[in-house]
Amino acid sequence: MRPTGRLHLGHYVGVLKGWLELQEREEVLFFVADWHALSTSYEDGLDLRELSVELVKDWIGAGVDPERSTLFVQSEVKEHAELYLLLNMITPLGWLERNPTYKDLLEQMGKKEIHTAGFLTYPVLQTADIVLYDADAVPIGEDQRPHLEIAREIVRRFHHLYDRREKPIFKEPQEILSQTPRLLGLDGRKMSKSYGNAIYLTDSPDEVWRKLRGAKTDPQRVRRTDPGNPEVCLIYDYHKVFSDPEVVQKVEEGCRTASIGCVECKRWCQEGIERVLEPIRTRRAELKEEAVREIVAEGSRRAQGMAKRKMEEVNRAVFGAER
Ligand code: SF4
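Quick note on numbering: the sequence shown equals residues 1305 to 1627 in this note's numbering.
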């Protein structure tokens, strides 16, 4: 995950919940992709060290467990850059230029100048990130599928060019596709910092309420006595994610029959959201800065041990026996 700012509920629902399930059953490495952040934000003057620590605090607050999983920072493990360089040597430009996610992002970024080598080749860096650790699979969203396909193609090409052994050096990574539909922001668009429509994991209960109060509801429900249609209301979508089934049903019926008001409905929604946010805030507040830095340092050391071993194999395949 890139350290570009505070995490919001969209991240929690779409990404972190999946991570928590994954860490229950697998050995997982989670890393702060600070080099990737530069691919789109190299001009933004981000304090990446500070943002990286804050990001890890959000993860641990949300329940990522450093005792079970390895948490590290990409730029602390220079082997990512070494493998990225070698893989760049063999990756045809056409694969990267044809990547549909690349084209979409170029459009989405609007005025931002990202016609750079770093941005074009970031699927190659992603490939290095994955295969360096013999990852069997990577949790991704739909938009990342083309990147994983590129990663598998690069792996095959590397093996074709350099690796003649029975047991291949790299694994072809599989995807763990997020099953959760995207949580929309308070204005009905994608939840995003840049749209100012997000509820953050660190928002206070008052902030959450202020944001919910101002959120759009069914535009046809002008007066309290007008029956509404929950299917067109964002708050109902939130209920489906954060509230108990009985509350969801109560909202469904109450909205259609105008037996509940939108303020009351939003209060119930806030209660559901608070059940998620309250423990996150508490865990996060208990985290000492120093302890987080130590977790990351320890994770980075562990990751680097694995990465170094893999690079020995890679360098033998590319350059021949020991130099
Ligand atoms: S009652 Fe709830 S679901 Fe219905 S329009 Fe109001 S906020 Fe939306």
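All C-beta atoms in this analysis are idealised placements derived from N, C-alpha and C, irrespective of residue type, glycine included.
Closest by C-alpha distance to residue i, when choosing among the options
{"i": "L1481", "options": "G1314, L1326, R1310, H1312", "result": "L1326"}
{"i": "Q1608", "options": "P1370, E1371, R1372, L1436", "result": "L1436"}
{"i": "V1567", "options": "R1372, R1353, T1521", "result": "T1521"}
{"i": "I1364", "options": "V1596, E1380, K1612", "result": "V1596"}
{"i": "L1375", "options": "L1488, E1602, R1613", "result": "E1602"}
{"i": "K1494", "options": "M1305, I1577, G1309, L1313", "result": "L1313"}
{"i": "D1351", "options": "R1310, G1367, W1323, R1372", "result": "R1310"}
{"i": "S1373", "options": "V1360, R1402, T1308", "result": "V1360"}
{"i": "T1506", "options": "R1605, R1587, P1307", "result": "R1587"}
{"i": "Q1429", "options": "K1612, L1410, H1384, A1519", "result": "Note that residue 1429 is Leu in the sequence shown, not Gln. Checking every option, the nearest Cα to that of L1429 belongs to H1384."}
{"i": "I1584", "options": "M1393, G1367, M1413, Q1524", "result": "G1367"}
{"i": "R1329", "options": "R1486, R1527, A1441", "result": "A1441"}
{"i": "R1468", "options": "E1578, G1318, R1306, E1617", "result": "E1617"}
{"i": "E1476", "options": "E1453, R1571, V1512, R1514", "result": "E1453"}
{"i": "Y1542", "options": "R1527, V1526, R1461, V1580", "result": "V1580"}
{"i": "F1462", "options": "R1571, L1355, L1391, K1592", "result": "L1391"}
{"i": "Y1466", "options": "R1306, P1307, R1620, T1308", "result": "R1620"}
{"i": "G1318", "options": "K1515, L1488, K1614", "result": "L1488"}
{"i": "G1576", "options": "E1594, K1544, V1357, E1590", "result": "K1544"}
{"i": "E1354", "options": "A1611, K1614, R1613, E1594", "result": "E1594"}
{"i": "L1424", "options": "G1445, H1451, D1369, K1321", "result": "H1451"}
{"i": "V1552", "options": "W1572, G1565, S1563", "result": "W1572"}
{"i": "Q1448", "options": "M1305, E1598, D1348, K1592", "result": "M1305"}
{"i": "E1479", "options": "S1498, I1444, E1371, E1511", "result": "I1444"}
{"i": "E1511", "options": "E1578, W1323, D1369, S1379", "result": "E1578"}
Residues sharing a beta bridge with residue i, DSSP
{"i": "T1374", "result": "L1333"}
{"i": "H1312", "result": "Y1504"}
{"i": "I1480", "result": "P1443"}
{"i": "L1355", "result": "Answer is none; L1355 lacks a bridge partner."}
{"i": "L1488", "result": "K1494"}
Outcome for residue i when other beta-carbon atoms lying within 10 angstroms are tallied against a minimum of 16
{"i": "K1407", "result": "exposed"}
{"i": "F1623", "result": "exposed"}
{"i": "H1315", "result": "buried"}
{"i": "P1427", "result": "buried"}
{"i": "T1420", "result": "exposed"}
{"i": "T1529", "result": "exposed"}
{"i": "D1338", "result": "buried"}
{"i": "V1459", "result": "buried"}
{"i": "P1531", "result": "exposed"}
{"i": "G1558", "result": "buried"}
{"i": "Y1540", "result": "buried"}
{"i": "P1509", "result": "exposed"}
{"i": "V1526", "result": "exposed"}
{"i": "P1549", "result": "exposed"}
{"i": "P1661", "result": "No statement about residue 1661 is possible, as the shown extent of the chain runs from 1305 to 1627 and does not include it."}
{"i": "R1456", "result": "buried"}
{"i": "Q1574", "result": "buried"}
{"i": "S1534", "result": "According to the sequence provided, residue 1534 is Pro. The question's Ser does not apply to it. Its Cβ being crowded by 16 or more others within 10 Å, P1534 is buried."}
{"i": "E1401", "result": "exposed"}
{"i": "K1515", "result": "buried"}
{"i": "S1379", "result": "buried"}
{"i": "S1547", "result": "buried"}
{"i": "S1496", "result": "exposed"}
Pairwise C-alpha distance: residue j and residue i
{"i": "Q1483", "j": "I1434", "result": "21 Å"}
{"i": "L1387", "j": "L1342", "result": "18 Å"}
{"i": "P1396", "j": "S1345", "result": "25 Å"}
{"i": "F1335", "j": "V1377", "result": "5 Å"}
{"i": "N1501", "j": "L1389", "result": "38 Å"}
{"i": "V1555", "j": "W1399", "result": "49 Å"}
{"i": "D1362", "j": "T1561", "result": "40 Å"}
{"i": "G1422", "j": "H1340", "result": "9 Å"}
{"i": "L1333", "j": "L1538", "result": "34 Å"}
{"i": "N1403", "j": "T1431", "result": "14 Å"}
{"i": "M1393", "j": "M1413", "result": "27 Å"}
{"i": "A1519", "j": "I1503", "result": "11 Å"}
{"i": "L1409", "j": "I1418", "result": "9 Å"}
{"i": "V1381", "j": "R1606", "result": "10 Å"}
{"i": "R1517", "j": "C1569", "result": "10 Å"}
{"i": "I1473", "j": "A1611", "result": "13 Å"}
{"i": "K1614", "j": "A1625", "result": "15 Å"}
{"i": "S1356", "j": "D1348", "result": "15 Å"}
{"i": "E1331", "j": "E1411", "result": "37 Å"}
Within-7 Å CB hit, residue i to chain C
{"i": "I1444", "result": "Any reference to chain C falls outside this structure, which holds one protein chain only."}
(request) Name all residues in chain order for which at least one heavy atom of the ligand SF4 lies closer than 5 Å to the residue's CB. (result) By the rule of a C-beta closer than 5 Å to any heavy atom of the ligand SF4, the residues picked out are T1521, D1522, R1525, G1532, P1534, C1537, I1539, Y1540, C1559, C1566, C1569.
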